[in-house]
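Protein chains in written order, with our numbering: chain A, 49 to 616; chain B, 9 to 551.
#1: Just to confirm the assignment, what range does the alpha helix (DSSP H) spanning residue 541(B) have?
#2: What residues in its chain sit with their C-beta under 7 Å from that of residue 503(B), if we drop five residues either side in the sequence?
#3: When the distance is taken between beta carbons, is residue 384(B) closer than 8 Å to residue 542(B)?
#4: Chain A partners of residue 517(B), CB-CB under 8 Å?
#5: What is the C-beta distance between residue 77(A) and residue 143(A), in whole angstroms, given that I count them as a contact (C-beta under 8 Å)?
#6: For residue 405(B), which beta-bridge partners are listed by DSSP?
#7: At a Cβ threshold of 8 Å, is residue 248(B) touching chain A?
#8: 8 Å is my cut-off, CB to CB: does residue 307(A) come that close to chain B?
#9: Okay, do the segment 196–208 of chain B and the segment 244–263 of chain B touch, 3+ Cβ pairs below 8 Å being the bar?
#10: Kindly indicate the opening and closing residues of the beta strand (DSSP E) around residue 531(B).
#11: What are the boundary residues of the alpha helix (DSSP H) that includes residue 492(B)?
#12: Would you mind reading off the limits of the beta strand (DSSP E) that contains residue 431(A)?
#13: Closer than 7 Å: is that where the CB of residue 86(A) sits relative to any heavy atom of the ligand MN?
#14: Put residue 457(A) into one of helix, strand or coil per three-state DSSP.
#15: Comparing alpha-carbon positions, which option in 266(A), 184(A), 446(A), 488(A) lies nearest residue 440(B)?
#16: Along the chain, where does the alpha helix (DSSP H) containing residue 409(A) start, and where does it finish?
#17: Going by DSSP, what residue range makes up the beta strand (DSSP E) through residue 381(B)?
#18: Apart from the five residues on each side of it in sequence, which residues of its chain come closer than 6 Å, Cβ to Cβ, to residue 219(A)?
#19: Quick check on the burial criterion: 16 or more other C-beta atoms within 10 angstroms. Buried or exposed for residue 70(B)?
#20: Classify residue 283(B): buried if its beta carbon has 16 or more other beta carbons within 10 angstroms, exposed otherwise.
#21: Taking Cβ-Cβ distances shorter than 9 Å, what residues in chain B pair up with residue 529(A)?
#22: Are the beta-carbon atoms belonging to residue 511(A) and residue 554(A) less than 8 Å from one another?
#23: If you reduce the DSSP assignment to three classes, tell me which class residue 470(B) lands in.
#24: Would you kindly work out how many angstroms separate the C-alpha atoms of residue 597(A) and residue 496(A), rounded to a whole number?
#25: Can you tell me whether DSSP reads residue 387(A) as helix, strand or coil?
#26: So, helix, strand or coil for residue 137(A), using DSSP?
#27: List, in chain order, every chain A residue whose beta-carbon is nearer than 8 Å to that of residue 94(B).
#28: Please report the distance separating the alpha-carbon of residue 511(B) from that of residue 603(A).
#29: Quick one: does residue 596(A) have its CB under 8 Å from some CB of chain B?
#30: Can you find a C-beta in chain A that's less than 8 Å from the C-beta of residue 270(B)?
#31: Hey, would you say residue 190(A) sits closer than 8 Å to residue 139(A), going by beta carbons?
#32: When the Cα atoms are used, what is the spatial distance from residue 456(B) to residue 515(B)?
#33: Sort out for me which residues DSSP pairs residue 351(B) with in a bridge.
#34: Hey, how far is the Cα of residue 49(B) from the Cα of residue 91(B)?
#35: Rounding to the nearest angstrom, what Cα-Cα distance links residue 43(B) and residue 129(B) in this structure?
#36: For residue 343(B) and residue 135(B), I'd like the C-alpha separation in whole angstroms.
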C-alpha cells in the first residue's frame with residue numbers, strides 16, 4: 049500500500065475525488081475496456097440474431113442456421129456475461145484501493161487536529177466520516193469513474209454499428225441523446241444540493257440519537273423518555289421527508305431518462321414498421337432496407353440508452369460522494385491550519401527536566417486569552433496548587449502545559465531554554481496528565497494501564513495501590529483483565545478516575561498535571577491519595593494540580609490564584 | 009421482551025397500502041417493459057412479413073401496435089416512478105416508527121439491565137435500522153415482481169407455443185428459486201460478517217476519537233490508527249470476497265438464462281418451420297425471454313437481502329436483551345401514613361461483577377422531613393444505596409419501606425450529570441412544561457442565574473458536545489436545578505457539591521434547606537462540614 053502524502057491540496061470536492069480516483073487508474077481503464085467488450089458482444093449478438101432471422105424466417109427457402117452460427121450466438125452472450133463479471137470485480141478492487149487511501153488520509157488529518165478543535169467536529173460525526181461515509185463511496189469509485197467514459201463510448205459504438213445499415217436510426221438516437229445530459233444537469237444539480245442537505249440531516253439525526261443514548265440517564269431520572277421518543281420520531285419523520293425530496297428528484301431524473309429511451313425505442317420500432325409497409329423510403333443507405341437489418345437496428349436501440357441510464361443511477365452516488373468529499377475538505381482545512389502555523393520550529397530532544405519556568409503565560413485562543421499572565425517557577429519536589437473560580441482557564445492552562453493546546457502568550461523554558469511544547473512528542477515523555485473526566489479505553493484494565501508499553505504485574509499492582517484502587521480491581525472478575533466498557537461500566541466516576549491516576553503513576557513522569565483529582569474522593573481516601581503525591585514529590589517529581597478542596601491547601605508549597613480576564 | 013421482528017411485521021402491515029401499491033406498480037413496470045420490447049419485435053417482423061407475403065398493407069392495422077408501444081413505454085416510465093416513490097415512502101415510514109419505538113423500549117430499561125454499551129446501541133439504532141430497508145425494498149419487492157413475471161412468461165408461452173414449456177421450466181425454476189438460494193448460501197455469511205465489521209469499524213473509530221487526549225499523550229494515536237486501518241483492510245478483504253461470490257453466482261445465473269434464451273429461440277424457429285408458429289412470434293419470444301431473464305437476474309440477491317434484513321432485526325432485538333428484572337424490594341405506603349419516612353431492613357446487595365457484597369444485612373431508619381447525610385469512604389456503597397432506594401438497582405434480600413411518598417415522587421441526582429446537546433432551557437426542563445419564572449427561580453437557588461444571563465443566548469444557548477460546555481461545577485448545579493424543577497418528595501443526592509468551592513456550596517445548601525424544608529433529602533457527601541445539628545447521618549462501613 050502506497051504512502052499517502054501528509055499534506056494534499058485540493059481546489060474543491062470534485063478535485064479531491066479526482067485526485068484520489070487516480071489511485072485506481074489502471075483498474076478503471078480495464079473496467080472501461082471490459083465495458084467496450086460488453087457492447088461489442090451486444091452488437092455481435094444483435095447481428096447474429098438478425099442473420100438467423102433472415103435465414104430462417106424472411107427468406108423464401110427457410111432453413112435453420114448451422115451449429116457454428118448457434119455457437120457464435122451463444123458465445124457472444126457468454127462473453128458478455130463474463131466481461132460483466134470481470135468488470136464488476138475489477139471495479140470493486142479499484143474502489144477498495146481508493147477508499148483505503150482515502151481512509152488513511154482522513155485518519156492522518158484527524159491525528160493532526162487540535163484537541164480543542166474537536167467540538168467543531170463532533171466525535172460522532174468524525175467516526176461516521178472515518179467509517180460509514182468512506183464506505184459509502186464504494187459505488188462511486190467502483191462504477192462512476194468508469195461509466196463517465198462508458199456512457200459516451202458505448203452509445204457511440206451503437207451509433208457506429210447502426211450507421212452501417214441506416215442513417216435515420218442513428219440520427220434519431222443522436223438527436224435524443226443530448227437531451228439526456230441536459231436533463232441530468234438540470235435535475236442532477238438540484239438533486240446534488242438536496243442530497244447534501246439530506247446527508248447533513250442524517251448526521252444531525254445520528255448526533256441526536258447518540259447524544260440522547262449517551263445521556264439517557266438524565267431523561268430516565270426525569271421520567272420523560274417517552275416525550276423524547278416522540279421528539280425522535282418527529283425528527284426521524286422530517287428526515288424521511290427530506291430523503292423523499294431527494295429521492296423524488298433522483299427518480300425524476302431517472303424517469304426522464306427512461307422516458308427518452310422508451311420513446312426512442314418506440315420511434316425506431318414504428319419507423320421500421322412503417323418502412324417495411326412502404327410508407328417511407330427514407331433513411332436507408334440503399335433503396336431497400338432488409339428485414340434482418342431492421343431487426344438489428346431494433347435490438348440495438350435500447351442498448352444506446354442503457355449506459356446513460358446507468359450513469360443516471362450513479363449520479364446519486366456522485367452527489368453523495370461530493371458531500372463526503374466536502375466533509376473531508378473541512379477536515380483537511382482544520383488540520384492544515386495547525387500544520388502551517390504551529391509546527392514550524394524543529395523539535396529537538398529534551399534532556400532530563402530539572403527546572404521549568406513558566407514565563408508570563410496566558411492560556412486561551414489566539415485572539416482571546418483567558419486569564420492574567422502567570423509566571424511559575426518549578427523545580428524538583430515542587431507542589432503547586434492552581435486555584436481560581438470556574439472559567440478562569442485552569443483546565444486550558446493544564447492542556448497547554450501538557451502540549452495539547454498551542455501557547456499564544458508568554459514562554460515556557462525548560463532548563464532555561466525556551467521550547468515549543470505543543471505537539472512535542474519529546475515533552476510527552478516527561479509529563480503525566482490526568483484530565484477531569486477520565487478517558488478509559490474499551491479495553492481491559494491492564495491495557496488501559498500499560499497503553500502499549502510492557503509492565504510487570506507487580507508494577508501494575510503498585511501503581512493501583514498508589515492510586516488507592518487495588519482492592520477494588522482485585523475484587524473484579526478477572527482482576528487486571530477486567531474489561532472496561534461504556535465509559536467505565538460498573539466503575540463509579542471516582543473509581544474510573546483513580547484507574548486513570550494509576551496509569552499516570554505507572555509511567556513515572558517528571559511532571560504531574562492533575563485536574564481535580566480529589567473531587568470525587570471521600571476525606572480518608574483523599575488523605576491517603578495526597579500522601580502518595582507527597583511521596584512522589586519527595587522522589588523528585590514536580591506537581592501542578594487544581595482542587596476545590598480546602599483541606600488540600602496546606603499540602604502545597606505554592607498556591608497560584610488565577611483570575612479570569614473580564615469580558616471587555 | 010418485545011419482539012422486534014413482530015414489531016416490524018406490524019409496521020409493515022400498517023404501511024400495507026403503500027407497500028402493495030409499490031409492488032403493483034413494480035409489476036406493472038416490469039410487464040410493460042418486457043411487453044414493450046416484445047410487442048415492438050412482433051410489430052416489426054409482423055409488418056415486414058405482411059409486406060413480404062403481399063397481404064394488403066391496409067389489412068394490417070399498423071396504428072394499433074404503434075399505439076400499444078407508446079402506451080407501454082409511458083406506463084412503464086410512470087410505473088417505475090410511482091413504484092419507487094411509494095416503496096421508499098413505505099420503507100422510511102417503517103424505519104421512523106421502528107427507531108422511535110426501539111428508543112422507547114431501550115429507555116425503559118435501567119442501565120444495570122442493559123447488556124450492550126451505549127456506543128453499540130446507538131450504532132445499532134443508526135446503522136442496523138438502515139439495513140432493514142432491504143427487507144421490503146430489496147427482498148419482498150423484487151421477489152414478488154420476478155415471481156409474477158415468471159408466471160406471466162409461462163402463461164404467454166402456454167398461449168403461444170405450449171411445446172416450449174418443458175424446455176424452459178427447469179432453467180426457469182433454477183433462476184427463480186435455486187439461484188437466489190445459492191446466492192444467499194454463498195453470500196449471506198460474508199455479508200453478515202461485513203455488516204458486523206462495518207459497525208465494529210464505527211465503534212473503533214468513535215472509541216479512538218473519544219480518548220484522543222490520552223492517546224495523544226501516551227503516543228498511542230498512530231498505533232490506534234494502524235489498528236483502525238488494519239481493521240478496515242480486513243473489512244475490505246471481506247467485501248472483496250462478498251463481491252466476488254455475488255458476481256460468481258450472478259454469472260452462473262446468467263449462463264443458465266443464456267441457455268434458456270438460445271433454446272427458446274431455436275425451438276421458436278423450429279416451430280415456425282413446422283408451421284406451428286407465426287414467424288413474428290418467434291422473434292417476439294426471443295425478446296420476451298431476454299426481458300424476463302433480466303428481471304429474474306435482478307431477483308437473485310432477494311433472499312440474501314431478506315437474510316440481511318432479518319439479521320439486522322436480530323441485532324436490534326439483541327439491543328433489547330436485558331438481564332431479568334428482579335422484583336422491586338421497595339414498598340410504598342403513601343396513602344395511609346402522611347408522615348415521611350424511609351425504613352431499610354436487612355438489605356443485601358452485591359454487584360454481578362464483584363465477589364465482595366456491598367451490603368450484608370444493612371438496616372437504617374430515616375425519619376423526615378429533613379436532611380440525611382451518607383458518609384463512608386469511596387467505594388463503600390453510598391451511590392449503590394441511593395440507587396437501591398431510587399429503585400434503579402434491586403436488592404437481593406431485604407426490604408425498603410417508603411412511607412408518605414409514592415414511587416413517582418423520588419428523584420435522584422447522580423454523580424455524573426448528563427448534559428444533552430440542546431438548549432439550556434431544555435436541559436433544565438427535560439421535556440416537562442415549566443414556565444419561565446420557575447426556571448429563573450431554580451437557577452437562582454443554585455447560583456446559576458448570573459451565569460445563565462451571561463450566556464450568549466441566555467436560556468436558549470445550546471449546551472453539550474460541540475456547543476457551550478458547562479464546567480464541572482456548573483454541571484452539578486444544573487443537576488440540582490433539574491431536581492428543584494421536578495419537585496419530588498424524596499430527594500437523593502450523590503455528591504451534589506463535589507468540585508464546588510466551599511463558600512458557593514455553603515450558600516447553595518442554605519438556599520436548598522429553606523426551599524426543600526418539607527422533603528426528605530438523602531445526600532451522600534464527603535464534605536460533612538455542611539451538616540447541621542438537626543440532620544440525621546448514616547455512616548456506611550465496609551462489609
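Every residue gets a Cβ at the ideal spot worked out from N, C-alpha and C, and that includes glycine.
On the basis of the supplied data:
#1: Here the question's residue 541(B) lines up with position 533 in the second chain. From DSSP, residue 541(B) is part of no alpha helix (DSSP H); its letter is neither H nor E.
#2: Here residue 503(B) is taken as the residue at index 495 of the second chain, counted from 1. 423, 532, 533.
#3: Numbered from its first residue, the second chain carries residue 542(B) at position 534. Numbered from its first residue, the second chain carries residue 384(B) at position 376. No, the pair does not count as a contact, with Cβ atoms beyond the cut-off.
#4: To locate residue 517(B), count along the second chain from 1; it is residue 509. Within 8 Å Cβ-Cβ: nothing; residue 517(B) doesn't reach chain A, min ~15 Å.
#5: In the first chain, residue 77(A) corresponds to position 29, counting from 1. In the first chain, residue 143(A) corresponds to position 95, counting from 1. Contact doesn't hold; Cβ gap of about 15 Å is too wide.
#6: To locate residue 405(B), count along the second chain from 1; it is residue 397. Answer is 356(B), bridged to residue 405(B).
#7: For the purposes of this step, residue 248(B) is taken as residue 240 along the second chain, with counting starting at 1. With 8 Å as the cut-off, residue 248(B) counts as an interface residue toward chain A.
#8: In the first chain, the residue the question calls residue 307(A) occupies position 259. Judged by the 8 Å Cβ criterion, residue 307(A) is in contact with chain B.
#9: yes
#10: For the purposes of this step, residue 531(B) is taken as the residue at position 523 of the second chain. Residues 528–532.
#11: Taking the second chain and counting its residues from 1, the one referred to as residue 492(B) is at position 484. Its alpha helix (DSSP H) spans residues 480–494.
#12: Residue mapping note: residue 431(A) aligns to position 383 of the first chain, counting from 1. Run containing residue 431(A): 431–435, per the beta strand (DSSP E) assignment.
#13: You won't find the ligand MN in this model; it holds no ligand whatsoever.
#14: As a position in the first chain, residue 457(A) is number 409, starting the count at 1. If DSSP states are grouped into helix, strand and coil, residue 457(A) belongs with the strands.
#15: In the second chain, the residue the question calls residue 440(B) occupies position 432. Of 266(A), 184(A), 446(A), 488(A), the residue nearest in Cα terms is 266(A).
#16: As a first step, residue 409(A) is located in the first chain; it is residue number 361 there, counting from the start. Note, residue 409(A): premise wrong, no alpha helix (DSSP H); beta strand (DSSP E) at 403–410.
#17: Taking the second chain and counting its residues from 1, one reaches residue 381(B) at position 373. Unbroken beta strand (DSSP E) run through residue 381(B): 378–383.
#18: In the first chain, the residue the question calls residue 219(A) occupies position 171. Excluding sequence neighbours, residue 219(A) sits near nothing in its chain.
#19: The residue labelled residue 70(B) in the question sits at position 62 within the second chain. Note that residue 70(B) scores a pLDDT of 39, beneath 50, so its modelled location is shaky; the value from the coordinates is reported in the next line. With 16 or more Cβ atoms within 10 Å of its Cβ, residue 70(B) is classed as buried.
#20: Taking the second chain and counting its residues from 1, one reaches residue 283(B) at position 275. So residue 283(B) ends up on the exposed side.
#21: The residue labelled residue 529(A) in the question sits at position 481 within the first chain. Ordered by position in chain B, no residue passes the 9 Å Cβ test against residue 529(A), which lies about 12 Å from the chain.
#22: Along the first chain, one-based indexing puts residue 511(A) at 463. Along the first chain, one-based indexing puts residue 554(A) at 506. Contact flag set, yes.
#23: Within the second chain, numbered from 1, the residue matching residue 470(B) stands at position 462. Correct three-state label for residue 470(B): strand.
#24: Taking the first residue of the first chain as 1, we reach residue 597(A) at position 549. Taking the first residue of the first chain as 1, we reach residue 496(A) at position 448. Near 28 Å, if we compare the C-alpha coordinates of residue 496(A) and residue 597(A).
#25: Here residue 387(A) refers to the residue found at position 339 of the first chain. Residue confidence for residue 387(A) is low, a pLDDT of 47 falling below 50, so the modelled location carries little weight and cannot support an answer.
#26: Locating residue 137(A) in the first chain gives position 89, counting from the first residue. DSSP places residue 137(A) in helix when its eight states are reduced to three.
#27: Start at 1 with the first residue of the second chain, and residue 94(B) comes out as number 86. Result: empty, since nearest Cβ-Cβ is about 10 Å, beyond 8 Å.
#28: One-based indexing of the second chain puts residue 511(B) at position 503. One-based indexing of the first chain puts residue 603(A) at position 555. Cα-Cα distance, rounded: 20 Å.
#29: As a first step, residue 596(A) is located in the first chain; it is residue number 548 there, counting from the start. Closer than 8 Å to some Cβ of chain B, the Cβ of residue 596(A) qualifies, so yes.
#30: For the purposes of this step, residue 270(B) is taken as the residue at position 262 of the second chain. True, the Cβ-Cβ gap to chain A drops below 8 Å.
#31: Here the question's residue 190(A) lines up with position 142 in the first chain. Here the question's residue 139(A) lines up with position 91 in the first chain. A contact, by the Cβ cut-off of 8 Å.
#32: Working through the second chain from its first residue, we reach residue 456(B) at position 448. Working through the second chain from its first residue, we reach residue 515(B) at position 507. Approximately 12 Å between the Cα atoms of the pair.
#33: Sequence index remark: in the second chain, residue 351(B) carries index 343 (1-based). Looking at the DSSP assignment, residue 351(B) forms a beta bridge with 373(B), 409(B).
#34: In the second chain, the residue the question calls residue 49(B) occupies position 41. In the second chain, the residue the question calls residue 91(B) occupies position 83. In a straight line, the C-alpha of residue 49(B) is about 26 Å away from that of residue 91(B).
#35: If you number the second chain from 1, residue 43(B) lands on position 35. If you number the second chain from 1, residue 129(B) lands on position 121. So the alpha carbons of these two residues sit roughly 48 Å apart.
#36: Numbered from 1 along the second chain, position 335 holds the residue referred to as residue 343(B). Numbered from 1 along the second chain, position 127 holds the residue referred to as residue 135(B). C-alpha separation (whole angstroms): 48 Å.
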